[in-house]
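J.:
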Amino acid sequence: MADLPLALALGAGMLAAVNPCGFALLPAYLSLLVLGDDSPSRTVAVGRRSPPPPR
1 MADLPLALAL GAGMLAAVNP CGFALLPAYL SLLVLGDDSP SRTVAVGRRS
51 PPPPR
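At position 32 of the sequence shown (counting the first as 1) the number is 32 in this note's numbering, and the numbers step up by one without a gap.
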């Protein structure tokens, strides 16, 4: 009985990987997982997008 949550989680994970939406995003997820996320943080991206302060 104690193995039931683990089996349920593994089954749900395998099912989520092969559903149509998840299967289409799987290559992008795997490349992000393998290569890492080198994109700037949200505050850096927002700061770069905002207009310069008035002088």
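Glycine included, every Cβ here is placed at the ideal spot set by N, Cα and C.
As the structure is a prediction and not an experimental result, all values here were calculated from the model.
1. What are the boundary residues of the alpha helix (DSSP H) that P58 is part of?
2. What distance in whole Å lies between the Cβ atoms of L26 and A12, which are believed to be in contact at a cut-off of 8 Å?
3. By DSSP, does A2 sit in helix, in strand, or in coil?
4. Counting only the same chain and skipping the five closest in sequence on each side, list residues whose C-beta sits under 6 Å from that of L30.
T.: Let me lay it out:
1. The requested residue 58 does not occur in the structure, where the chain is confined to residues 1 to 55.
2. Contact flag wrong, Cβ pair sits at about 16 Å.
3. Coil.
4. The beta carbon of L30 is closer than 6 Å to none in its chain, skipping five residues each way along the sequence.
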